[in-house]
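Notes follow the structure.
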Amino acid sequence: MHELIWLVPALPLLGVLINGLLGSRLSPRAISVVGCGVVGLAALAALGLFAELTALPPHTRVLRQVLYTWIASGNFRAEVALLVDPLSAVMLLVVTGVGFLIHVYSVGYMHGDRGYARYFTYLNLFTFSMLVLVLADNFLLLYVGWEGVGLCSYLLIGFWYERDSAANAGKKAFITTRIGDVGFAVGIFLVFATFGTVNIREVFDAAGRLPVGDAALTAITLLLFLGAVGKSAQLPLHVWLPDAMEGPTPVSALIHAATMVTAGVYLVARLSLLYALAPVSLAVVAAVGGITAVFAASIGLTQNDIKRVLAYSTLSQLGYMFAALGVGAWTAAIFHLMTHGFFKGLLFLGSGSVIHAVHEEQDMRKMGGLAKKIPHTYWTMLIGAVAIAGIPPLAGFFSKDEILGEAYKLGFLWVWAIGVVVAIMTAFYMFRLIGLTFWGESRVDTAVEPRIHESPRVMTVPLWLLAIPSIVLGLFLAWPGPPLGSLFGMEGPGLLAGWLEPVYEHGFELLGHHEAEFAIFGIDGVLILISVAVALGGMLAAWRLFGVEIGPLQRRGAPAQVNRASLNKWWFDDLNHLVFIVIGGRVAAFAWWFDAKVVDGIVNGIGAVTRRSGGGLARVQTGHVQNYALGIAVGLIVMAGSYLMIAGR
Amino acid sequence: MPDPNWSQALRTVAPELTLTIVALIVLVLDLVAGRGRKGALAAIAVVGTLLALGWSVSLWGERLVAYGGMVVADNYSLFFNIAFLAITVLTILLSTSYLRREEADLSEYYVLLLFCTLGMMLMAKGLDLIVIFLGLEILSISNYVLAGFLRTRLQSNESALKYFLLGSFSSAFFLYGIALIYGTTGSTNLGRIAQALQANRDPGPLFQVGMALLLVGFAFKVASVPFHMWTPDAYEGAPTPITAYMSVGPKAAAFAAFLRVFSQPLAAMQGEWAVVLWVLAALTMTVGNVVAIAQPNIKRMLAYSSIAHAGYLLVPMVASGELGTSSLLFYVLAYAFTTLGAFAVVILLSRKGEAGYEIAGYAGLGYTHPVLALAMTLFMLSLGGIPPTAGFVAKFYIFSAAVKAGYIWLTVIGVLTSAVSLYYYLRIVVLMYMREPAEESSAATLTAGPLVTLAIAAFAVLLMGLFPGSIFTLAQSSVFGL
Chain W
1 MHELIWLVPA LPLLGVLING LLGSRLSPRA ISVVGCGVVG LAALAALGLF AELTALPPHT
61 RVLRQVLYTW IASGNFRAEV ALLVDPLSAV MLLVVTGVGF LIHVYSVGYM HGDRGYARYF
121 TYLNLFTFSM LVLVLADNFL LLYVGWEGVG LCSYLLIGFW YERDSAANAG KKAFITTRIG
181 DVGFAVGIFL VFATFGTVNI REVFDAAGRL PVGDAALTAI TLLLFLGAVG KSAQLPLHVW
241 LPDAMEGPTP VSALIHAATM VTAGVYLVAR LSLLYALAPV SLAVVAAVGG ITAVFAASIG
301 LTQNDIKRVL AYSTLSQLGY MFAALGVGAW TAAIFHLMTH GFFKGLLFLG SGSVIHAVHE
361 EQDMRKMGGL AKKIPHTYWT MLIGAVAIAG IPPLAGFFSK DEILGEAYKL GFLWVWAIGV
421 VVAIMTAFYM FRLIGLTFWG ESRVDTAVEP RIHESPRVMT VPLWLLAIPS IVLGLFLAWP
481 GPPLGSLFGM EGPGLLAGWL EPVYEHGFEL LGHHEAEFAI FGIDGVLILI SVAVALGGML
541 AAWRLFGVEI GPLQRRGAPA QVNRASLNKW WFDDLNHLVF IVIGGRVAAF AWWFDAKVVD
601 GIVNGIGAVT RRSGGGLARV QTGHVQNYAL GIAVGLIVMA GSYLMIAGR
Chain V
1001 MPDPNWSQAL RTVAPELTLT IVALIVLVLD LVAGRGRKGA LAAIAVVGTL LALGWSVSLW
1061 GERLVAYGGM VVADNYSLFF NIAFLAITVL TILLSTSYLR REEADLSEYY VLLLFCTLGM
1121 MLMAKGLDLI VIFLGLEILS ISNYVLAGFL RTRLQSNESA LKYFLLGSFS SAFFLYGIAL
1181 IYGTTGSTNL GRIAQALQAN RDPGPLFQVG MALLLVGFAF KVASVPFHMW TPDAYEGAPT
1241 PITAYMSVGP KAAAFAAFLR VFSQPLAAMQ GEWAVVLWVL AALTMTVGNV VAIAQPNIKR
1301 MLAYSSIAHA GYLLVPMVAS GELGTSSLLF YVLAYAFTTL GAFAVVILLS RKGEAGYEIA
1361 GYAGLGYTHP VLALAMTLFM LSLGGIPPTA GFVAKFYIFS AAVKAGYIWL TVIGVLTSAV
1421 SLYYYLRIVV LMYMREPAEE SSAATLTAGP LVTLAIAAFA VLLMGLFPGS IFTLAQSSVF
1481 GL
């Protein structure tokens, strides 16, 4: 089977070719079959690989396929090689599994859209790029996927380009993530300069010979992390993600919740060994993650757009994952990545179903009382909300609890404290969302009110299929480890922890992590109780405010300043607008102006002055040419002068 | 010194001779061929160029020195010559329908183009500063005329005149530089200059000034900042196929000679000129890319983009070494195909009277001409350095050469500026796919010549992006023994 790894990314690529080149001639039905089919088949292929991997003894669970040597010069070579190990296998399942369901859902959601074929082409291209990113066995190929997903994200955010806001959001995403990507690219060149190879395994081997805290390693890991910050929308490059909600909702679910934004987390997790050797970088990762988690959650408290609440929630949850990575709880981070992929995908698709039901309204102030009218959407979203809030035994509880527990036991009390605060906020804003949308009395437009309808089955079935893992995945992956396993007196790590162990073993050793005793009737039990209690507290508070009785729409009690800061997203957008759009635009315009006018102008003052006289050959402006010539002469003098100075040293 | 071995001397310059003869034939046949039948002459020019190309290929692997050590046919010059000849063929293919449309269908066009190419070939083959200068002048003078070929158009005249005035200005610098170097070392032959420098470690300030003057001459020809000011005006006004040609051919030729002169006899002083080139490279990448952002006209945008790419080409010159020089060769090829391809799309979308160059006119091209838009996307991604295109691999090679030579900051500037460049390259992609087609714009007239160029370029860009191995090996074997 391992000679067939290439099939996994190749299938979506086939979809791109078919829908991209023949899309205009195919019926919508054919487009959907191709678009979903290739991802479905890729999911099956991924399952096959997974099965093959499980059949191997734990420490040999690596499948590698070299397609061909891409770039070679001297002793340097970069291959187009695909690598399946426990970590990438897990990501493969999330990407193809969640991806397939979202593709299917899209058939209903995008029904009748003018750009139907284009949509599936982009979505398949995205899946292809994401799979390349996940499977890459060297940095260069990783970069291919990295750029690819960025490009698709950009195209899909601006998919409804007729709306100005969508086009602007695409642009914003592009500019912001580019900053991170520059860091990423420079990081790769530094990897190459330091280790002479870009193969991840060889880099690990070479890095192992460097001392812990080596400056080059710290620089590399920080630069690569800058890439992750851009892609995973962490502070301060987070501004693009909320705006990315301008894209079609399934895109928000797939790219901006379940998969692409987790690429940064995956990157750090993949390179955990390098980070283990760079304690400074790890601390930065933890700090950025922790700050983003609490910051984004605080904004999520007051947003009125249903998708924006979810967007800020995604930021916050990604922050959680980075915080986990930063403290060295890598398994917990991947655990949360997986469970989050399912329940956040579910919540987004649910919100899409809601938006559909109330005729493209996204403002929660114009919803309410929808529970009875769209029951499938309501129940599945409720499951998602309970899951993300961290109420046992749903999926979010296990992964979140593992992060909090590890942070606490590894001595990162501040990360734990932030985590607890975020847990309250998460529960609160999620149930605020549920309350405003589904509970209380209807505030829907009277014109739309009678036409509210549940979504077609092609949309509700994926919702349920995502709801099931949102319920059981956490339990399943944690079994038979803590916390539940311990309750029944079982020992050993959970399924996922055991599965990923071969990948992380060495890194854990470097960090000096030991298998911590798990005391369900001791400290761990207390920690669990705390996290469950705060989650319940947040839920109850939201329920009281936005629950059965129609709640007040403005949050009472909070100081006006804080409320305003949250509503205005801490003014980050304004700052960025100023820096990148206003100042950046001026710089480009200025540079042009400077090049055209001032460089000439200065020379103009020195040299002969000729005036632009209208018409005829005057446009040639002999004076102008003289200016150019003088520019050359001045350039020469400066250059020759500096030249002689250097030579004279 | 008469060459004892005439046949070897002839073999050394056989491709150049072929090209000259074909150019003369075209010139004579022009008397016979009536107006409107110049297509046949273009065909002869293509066949002649391909013949010269074949000759060059057959010389591959040899190292023939002739005419008292003035001219050499080694892999290095042959690599460039093959590239020049391929560029010329593609340019002729771009030109025929364009010239007919602009009513400038004269055979002198092809003759000048061939002579221009001849000059480029001599620049790559020259082992003597005088031969390099001769090549430069043959190239330049033909090029001035070509830039002003649309005699009735004001901009074309402006372009030619500006190019001519500034070009001769810089030629004077160049010649003066040669004179000073001759005065201090006693020779214009690259090999003997190297010997003289070895004998005398400190050649004195006059030599340094001579070297600086040479550098200015080359910097002008490759359009490096701050010697770039002529470029946008000259490129915008010239006939579009000539713009395409100018932004790849003469630039590549200048780099061929630049690299040979500065890596052979002046290699000993690398520490000195590398600093200057470092600054030039950084300035050129930055100014070229930042200014390109604000351009509303695609020809002008590509002109600034070509300035920026000259900056990227200076990076491996700074890095030097085997990896540096071979990555420069690879980059030249990648850049040439990508740019010619992009210009093929530009020409297909332009209209009579040099119209249709507004970038806004590309809106909705993805719906009106999906194949053209796809190709243009490919070329823009390649220019921006996004995988899996030739441009990405090329950028990877030059930056890894720089990193390996320890020029980390130059790499950082390079990566940053290519991130900036993506902004204006991808703006075109966005316009094509994410805007409604404008009322009357983007009505392409699909003619065969540009389409063939486009197909070849697209194929080359993908090939060099996905399977760069063989081309890079060629580039490596070309710089061996330089």
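Sequence order for the protein chains is W and V.
Residue 254 in our numbering sits at position 254 of the first sequence, and the numbers go up by one each step.
Residue 1119 in our numbering sits at position 119 of the second sequence, and the numbers go up by one each step.
Quick reminder that beta carbons are idealized off the backbone N, C-alpha and C, glycines included.
Nothing here was measured: the structure is a model prediction, and the numbers come from that model.
Residue i at chain W interface by Cβ criterion, 7 Å
i	result
Phe1399(V)	yes
Ala1303(V)	no
Met1376(V)	no
Leu1462(V)	no
Ala1455(V)	no
Ala1419(V)	yes
Ala1194(V)	no
Phe1218(V)	no
Alpha-carbon to alpha-carbon, residue j and residue i
i	j	result
Glu162(W)	Pro248(W)	13 Å
Thr69(W)	Ala389(W)	47 Å
Gln1008(V)	Ala1073(V)	10 Å
Ile391(W)	Leu41(W)	34 Å
Gly419(W)	Tyr312(W)	16 Å
Thr204(W)	Val198(W)	Note on identity: in this sequence residue 204(W) is Phe, with Thr being the wrong assignment. Phe204(W) and Val198(W): Cα-Cα distance of roughly 10 Å.
Gly641(W)	Leu1280(V)	15 Å
Ala533(W)	Val526(W)	10 Å
Ile1293(V)	Phe1343(V)	18 Å
Val1057(V)	Ile1082(V)	7 Å
Lys171(W)	Gly396(W)	33 Å
Leu155(W)	Glu1108(V)	47 Å
From the options, residue whose alpha carbon lies closest to that of residue i
i	options	result
Cys152(W)	Ser252(W), Ile188(W) and Val191(W)	Ser252(W)
Thr339(W)	Asn124(W), Val90(W) and Ala30(W)	Val90(W)
Leu92(W)	Tyr154(W), Val132(W) and Leu56(W)	Val132(W)
Leu241(W)	Leu394(W), His111(W), Ala166(W) and Phe184(W)	Ala166(W)
Trp655(W)	Ala46(W), Gly20(W) and Val33(W)	No answer is possible for residue 655(W): the residues shown for chain W start at 1 and end at 649.
Residue-level contact to chain V via CB, residue i, 7 Å cutoff
i	result
Met91(W)	no
Arg61(W)	no
Ile653(W)	This structure cannot speak to residue 653(W), because chain W is shown only from 1 to 649.
Glu147(W)	yes
Met639(W)	yes
Phe412(W)	no
Ala163(W)	Reading the sequence as shown, one finds Arg at residue 163(W) and not Ala. Chain V contact via Cβ: absent.
Arg114(W)	no
Asn604(W)	Because Asn604(W) sits at a pLDDT of 42, beneath the cut-off of 50, its placement in the model cannot be relied upon, and the point is left open.
Arg178(W)	yes
Val144(W)	yes
Tyr429(W)	no
Phe189(W)	yes
Leu325(W)	no
Fill in: Three or more C-beta pairs below 8 Å linking the region 1369-1389 of chain V and the region 1241-1259 of chain V
no
Fill in: Unbroken stretches of the alpha helix (DSSP H), 4 residues or longer, contained in the region 17-60 of chain W
28-55
Discussion item. Threshold first: 4 residues or longer. Then list the alpha helix (DSSP H) segments lying entirely within the region 1018-1070 of chain V, N to C.
Written reply: 1038-1058
Fill in: Given 8 Å, three or more beta-carbon pairs between the region 1403-1419 of chain V and the region 175-193 of chain W
Short answer: they touch.
Worksheet item: Whole alpha helix (DSSP H) runs in the region 1152-1190 of chain V with 4 or more residues, listed along the chain?
Response: 1154-1185
Practice prompt. Jot down the residue ranges of each uninterrupted alpha helix (DSSP H) in the region 353-394 of chain W, minimum 4 residues, whole runs only, in chain order.
Written response: 375-389
Worksheet item: So, do the region 1233-1251 of chain V and the region 1169-1188 of chain V have three or more beta carbon pairs nearer to each other than 8 Å?
Response: No contact exists between the region 1233-1251 of chain V and the region 1169-1188 of chain V.
Discussion item. Whether or not the region 320-334 of chain W and the region 263-273 of chain W are in contact is what I'm after, with contact meaning three or more pairs of Cβ atoms, one per stretch, closer than 8 Å; do they touch?
Written reply: Under the three-pair Cβ rule at 8 Å, the region 263-273 of chain W counts as touching the region 320-334 of chain W.
Worksheet item: If we count Cβ pairs, one from each stretch, closer than 8 Å, do we get three or more for the region 1218-1234 of chain V versus the region 1303-1323 of chain V?
Response: yes
Fill in: Three or more C-beta pairs below 8 Å linking the region 1410-1426 of chain V and the region 1064-1080 of chain V
no
Discussion item. Whether or not the region 1259-1269 of chain V and the region 1353-1369 of chain V are in contact is what I'm after, with contact meaning three or more pairs of Cβ atoms, one per stretch, closer than 8 Å; do they touch?
Written reply: no
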